[in-house]
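Notes to accompany the following structure.
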Ligand code: SF4
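Numbering (our numbering), first residue to last: -7 to 358.
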């Protein structure tokens, strides 16, 4: 591949399907090095605060949601939530990731009060509410996405996580999350946020029922929006974790019954993505998204060891120390690491570790 050549969709698909793994890694690593010649690998100290697990979307790939009447359903009390922020700051945290299910008991007033209260009490970046939550708030309040975002921003919301993207292909969304907003609305929410001056990340959850073509559709949609707005700070590909999910259960059941070719395809996908699949997607993301500066390795789903390898396949960031994480844990996958583990892993992989803020500004070198 020539320097500065932007991949077409066809070339991206060919690379994803056919390229030699190590060659793909070499191209991605060269691109990472060009964008980050200092050899620094960053991470952020933050905490995921999942304010509620009640969710009307009931996505089949998600093990986190509960119905309102489920004994395990919860809504965090305000005091408990504020205490978590206090603890985060004590541990040197600079950001909270505030996300939850689509809880019909909460209206926009609840969120505006919460944001104001957090900002009145703490000096911390609020990275919160992925596009499905924002669209749900907007619909319930009969507001446009832009009006909703403006209210949230004025109340203290700083930046937006890229959750809820899964795969930006409505064919896939129809299967794994039919009640969730479609691709166009996810992109619209991000575009409006960028136009209001808010930075966001973009994610991709792969390894469920998508095909290579769907992955390319996703990457291309993110790249095109970034060309227009420049508002994405980072891209985070992570793999579907089948544990405790309805999607994995239904695939298993259907695989046991009549075998159609479509089911056969699904049945081939009940295992979590392998290391090789993860590295191929990660490297391709680095190469395809030539206009997004940072690519995160997902140690939460892949573990620290594979995350170290990911640093040679295009990643330049370790994401968050995750003082608390509840969504991936609900699938039964739990990698427990400390800030010290992350620093050591980055250093031993041959890079200089540094703590950053939400906007990738370095706070401290180690
Ligand atoms: S992925 Fe999000 S929207 Fe879907 S069920 Fe889980 S919490 Fe709800």
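In this text, a Cβ means the ideal position worked out from N, Cα and C, and glycines have one as well.
> Would the C-beta of residue 40 count as close to the ligand SF4, meaning under 7 Å from any of its heavy atoms?
Replying inline: Position 48 of the chain shown holds residue 40. No, the ligand SF4 has no heavy atom inside 7 Å of this Cβ.
>> Short of 7 Å in beta carbon distance, which residues of its chain neighbour residue 351, apart from the five on each side in sequence? Order them along the chain.
In response: In the chain shown, the residue the question calls residue 351 occupies position 359. Answer for residue 351: 191, 225, listed in chain order.
> Shortest alpha-carbon distance to residue 202 belongs to which of 86, 301, 53, 91?
Replying inline: Along the chain shown, read from residue 1 onward, the residue named residue 202 stands at position 210. Of the candidates 86, 301, 53, 91, the one whose C-alpha sits nearest the C-alpha of residue 202 is 53.
>> the ligand SF4 and residue 380: does any heavy atom of the ligand fall closer than 7 Å to the residue's C-beta?
In response: Any answer about residue 380 is impossible in this case: the structure gives the chain only from -7 up to 358.
> Should the region 137 to 154 be called in touch with the region 20 to 27, which here means at least 3 C-beta pairs below 8 Å?
Replying inline: Contact fails: fewer than three Cβ-Cβ distances are below 8 Å.
> Within the present structure, is the beta-carbon of residue 172 separated from the nearest heavy atom of the ligand SF4 by less than 7 Å?
Replying inline: As a position in the chain shown, residue 172 is number 180, starting the count at 1. It does: the Cβ of residue 172 is within 7 Å (strictly closer) of some heavy atom of the ligand SF4.
> Taking only runs of the beta strand (DSSP E) that begin and end inside the region 285 to 348, which ones reach a length of at least 3 residues, in chain order?
Replying inline: Counting whole runs of 3 or more residues, the region 285 to 348 contains the beta strand (DSSP E) stretches 309 to 312, 344 to 348.
>> Looking only at its chain, what residues have a beta carbon closer than 8 Å to the beta carbon of residue 349, apart from the 5 residues adjacent to it on each side?
In response: Residue 349 sits at position 357 when you count from the first residue of the chain shown. Here the set comprises 36, 86, 87, 117, 355.
>> Between residue 96 and the ligand SF4, is there a pair consisting of the residue's CB and a ligand heavy atom that are separated by less than 7 Å?
In response: Indexing the chain shown from 1 puts residue 96 at position 104. Residue 96 Cβ: outside cutoff for every heavy atom of the ligand SF4.
> Is it right to say residue 270 is buried, meaning 16 or more other beta carbons lie within 10 angstroms of its own, or is it exposed?
Replying inline: Counting from 1 along the chain shown, the entry for residue 270 is found at position 278. It is buried - the Cβ of residue 270 has at least 16 other Cβ atoms within 10 Å.
> Enumerated in chain order, which unbroken segments of the alpha helix (DSSP H) with a length of 4 residues or greater are wholly contained in the region 142 to 228?
Replying inline: The qualifying runs are 162 to 168, 175 to 187, 204 to 221.
>> To the nearest angstrom, how far is the alpha carbon of residue 31 from that of residue 357?
In response: Here residue 31 refers to the residue found at position 39 of the chain shown. Here residue 357 refers to the residue found at position 365 of the chain shown. One C-alpha to the other measures close to 12 Å.
> What runs of the beta strand (DSSP E), each 3 residues or longer, lie entirely inside the region 21 to 92?
Replying inline: Entirely contained in the region 21 to 92, the beta strand (DSSP E) runs reaching 3 residues are, in chain order, 32 to 36, 38 to 42, 87 to 91.
>> Closer than 8 Å is the cut-off here; do at least three beta carbon pairs connect the region 54 to 61 with the region 92 to 101?
In response: Counting C-beta pairs closer than 8 Å gives three or more between the region 54 to 61 and the region 92 to 101, which meets the contact rule.
>> Below 8 Å, how does it come out for the region 192 to 211 and the region 154 to 164: are there three or more Cβ pairs, yes or no?
In response: Contact holds: three or more Cβ-Cβ distances are below 8 Å.
>> I want to check one thing, is the minimum distance from the CB of residue 200 to the heavy atoms of the ligand SF4 below 7 Å?
In response: As a working mapping, residue 200 is identified with position 208 in the chain shown. Residue 200: no, Cβ never under 7 Å from the ligand SF4.
> Is it right to say residue 347 is buried, meaning 16 or more other beta carbons lie within 10 angstroms of its own, or is it exposed?
Replying inline: For this step, residue 347 is matched to residue 355 along the chain shown. Residue 347 is buried by the Cβ-count criterion.
> Closest by CA to residue 204, which one among 276, 303, 291?
Replying inline: As a first step, residue 204 is located in the chain shown; it is residue number 212 there, counting from the start. Ranking 276, 303, 291 by Cα distance to residue 204 puts 276 first.
> If we ignore side chains and look at the alpha-carbon of each, how far apart do residue 73 and residue 12 end up?
Replying inline: By 1-based counting over the chain shown, the position of residue 73 is 81. By 1-based counting over the chain shown, the position of residue 12 is 20. For residue 73 and residue 12, the distance between alpha carbons rounds to 47 Å.
>> Can you check which of these residues, 306, 89, 7, is closest to residue 43 by C-alpha distance?
In response: As a first step, residue 43 is located in the chain shown; it is residue number 51 there, counting from the start. When each option's Cα is compared against that of residue 43, the closest is 89.
> If you follow the beta strand (DSSP E) that residue 120 is part of, which residue opens it and which one closes it?
Replying inline: Mapped onto the chain shown, residue 120 falls at position 128. According to the DSSP assignment, residue 120 belongs to the beta strand (DSSP E) that extends over 117 to 120.
> So is the beta-carbon of residue 242 under 7 Å away from any non-hydrogen atom of the ligand SF4?
Replying inline: Looking up residue 242 in the chain shown gives position 250. In this structure, the ligand SF4 has no non-hydrogen atom nearer than 7 Å to the beta-carbon of residue 242.
>> Within 10 Å of its beta-carbon, does residue 210 have 16 or more other beta-carbons around it, so buried, or fewer, so exposed?
In response: Translated into positions along the chain shown, residue 210 becomes position 218. Buried: at least 16 other Cβ atoms inside 10 Å.
> Considering only C-alpha positions, which residue in the set 131, 106, 91, 141 is nearest to residue 120?
Replying inline: Start at 1 with the first residue of the chain shown, and residue 120 comes out as number 128. Considering only alpha carbons, the answer is 91.
> With 16 other CB atoms within 10 Å as the buried threshold, where does residue 172 fall?
Replying inline: Your numbering for residue 172 matches position 180 in the chain shown. Residue 172 is buried by the Cβ-count criterion.
> Comparing the CB of residue 49 with every heavy atom of the ligand SF4, is any distance shorter than 7 Å?
Replying inline: As a first step, residue 49 must be located in the chain shown, where it is residue number 57. In terms of side-chain proximity, the C-beta atom of residue 49 is found nearer than 7 Å to a non-hydrogen atom of the ligand SF4.
>> Taking the alpha carbon of residue 110 as the reference point, which residue from 70, 29, 139, 128 has its own alpha carbon closest?
In response: As a working mapping, residue 110 is identified with position 118 in the chain shown. Nearest C-alpha to residue 110: 70.
> Contact between the region 122 to 134 and the region 161 to 168: three or more CB pairs below 8 Å?
Replying inline: At 8 Å Cβ cutoff, the stretches do not touch.
> Given a threshold of 16 other Cβ atoms within 10 Å of its Cβ, counted over all protein chains shown, does residue 105 qualify as buried or as exposed?
Replying inline: Translated into the one-based positions of the chain shown, residue 105 becomes position 113. By the 10 Å Cβ count, residue 105 comes out exposed.
> Straight-line CA distance for residue 365 to residue 45?
Replying inline: Absent from the model: residue 365. The displayed extent of the chain is -7 to 358, so no value can be given.
> With a cut-off of 8 Å, do at least 3 Cβ pairs link the region 283 to 293 to the region 309 to 324?
Replying inline: Contact holds between the region 283 to 293 and the region 309 to 324, because three or more Cβ pairs, one in each stretch, are under 8 Å apart.
> Sorry if obvious, but does the Cβ on residue 124 come closer than 7 Å to a heavy atom of the ligand SF4?
Replying inline: Position 132 of the chain shown, counted from the start, is the residue given in the question as residue 124. Residue 124 Cβ: within cutoff of the ligand SF4.
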